[in-house]
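Numbering (this note's numbering), first residue to last: 17 to 296. Data first, discussion second: the structure below is written as structure tokens.
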């Protein structure tokens, strides 16, 4: 044991010189590159403890190399964290490409989505969500995905799903239904895409309410995208829909999406490209 302790002390108090290093006038070892000391003297009381008068010090070269290693390790940990968040957060891998950087710049609501991310801490503190509503193909889901990706890049957990998947999961794990809903509500931000497209069965509506109500009681923000109009949501057809929509509108600020149908445009471009290819 004594030999092991001595070996540790030896390693702590000995500096390994490089070929270009030199000894300065003060008797300390200096770096041959940056000309800074690689050693420093112990205070007299410490020297007696270690049995040596000096210990290793960090020259500018060593400090720069250490900081670079630490920065690289920090970047690696960040990328690993973001990768795991996106793996867990998206139900569809293609959503990873729904970013502000990939946006075509034509959606007038993009500024609102960007500001939501910029002011996330305020949105979170005040439990402010968004209801993206409007016609088919107007970019609602894409901008919701942009928000999710941007927040996950900041290492903030987000889950983006839809009620068709939620209902399937609940049906497959009936006994763990409460835990499943509780897990959804633990995310700082929950995004539910294509709201209103799920089947309106009695069971389905009850589970939709359970999820929305649980999220409401969690005090955490919710973003919802829907093809339903604001008039549809404010004038529900029955009590079952009324209590769902009431919770939703109390949590989410309505944002109307207008403009061109981007999916229809993309389909038209593909059709035109195909025509060119087969007629040339």
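Ideal Cβ placement from N, Cα and C applies to all residues, glycine included. Since the structure is predicted, the reported quantities are computational estimates derived from the model, not experimental observations.
> Assuming residue 263 and residue 209 make a contact with CB atoms under 8 angstroms, what is their CB distance in whole Å?
Replying inline: Not confirmed; about 18 angstroms, so no contact.
>> Would residue 223 and residue 249 be called neighbours here (beta carbons separated by less than 7 angstroms)?
In response: no
> What residue from 178, 164, 98 and 233 has the CA that sits closest to residue 212's CA?
Replying inline: 178
> Which first and last residues belong to the alpha helix (DSSP H) in which residue 227 is found?
Replying inline: 218-234
> With contact counted as at least three CB pairs below 8 angstroms, one residue from each stretch, are the region 144-158 and the region 68-82 in contact?
Replying inline: no
> Cβ atoms of residue 174 and residue 105: under 7 angstroms apart, would you say?
Replying inline: yes
> residue 199: which of 181, 216 and 227 sits nearest, CA to CA?
Replying inline: 227
>> So, at 6 angstroms on beta carbons, what are the nonlocal neighbours of residue 44 in its own chain, with the 5 sequence-adjacent residues on each side left out?
In response: 53 and 55
> Counting along the chain, where does the alpha helix (DSSP H) carrying residue 162 start and finish?
Replying inline: 156-169
>> Using only CA atoms, which one of 85, 114, 70 and 49 lies nearest to residue 57?
In response: 70
> Counting only runs that start and end within the region 48-72, where is the beta strand (DSSP E) found for 3 or more residues in a row?
Replying inline: 55-57 and 70-72
>> If you measure between the beta carbons of residue 243 and residue 152, is that distance less than 7 angstroms?
In response: yes
> Between which two residues does the beta strand (DSSP E) harbouring residue 105 extend?
Replying inline: Careful: residue 105 lies outside any beta strand (DSSP E), inside the alpha helix (DSSP H) at 76-105.
>> Suppose you measure from the CA of residue 167 to the CA of residue 214; what does that come to, to the nearest Å?
In response: 27 angstroms
>> The alpha helix (DSSP H) that contains residue 255, what's its start and end?
In response: 255-267
>> Counting C-beta neighbours from all protein chains within 10 Å, is the total for residue 266 16 or more, i.e. buried, or is it exposed?
In response: exposed
> In terms of residue numbering, what span does the beta strand (DSSP E) encompassing residue 208 cover?
Replying inline: 205-211
>> Which of the three DSSP states is assigned to residue 272 in this structure?
In response: strand
> According to the Cβ coordinates, are residue 97 and residue 171 closer than 7 angstroms?
Replying inline: yes
> Under the three-state reduction of DSSP, which class applies to residue 136: helix, strand or coil?
Replying inline: helix
> Given 8 angstroms as the limit, is there contact between the region 102-121 and the region 159-166, that is, 3 or more CB pairs closer than that?
Replying inline: yes
> Buried or exposed: which applies to residue 192, given that a residue is buried once 16 or more other Cβ atoms fall within 10 Å of its Cβ?
Replying inline: exposed
> Which of helix, strand or coil does DSSP assign to residue 153?
Replying inline: coil
>> By DSSP's criteria, residue 176 is part of a beta bridge. Which residues make up the other side?
In response: 106 and 207
> Buried or exposed: where does residue 30 fall if 16 or more other Cβ atoms within 10 Å of its Cβ makes it buried?
Replying inline: exposed
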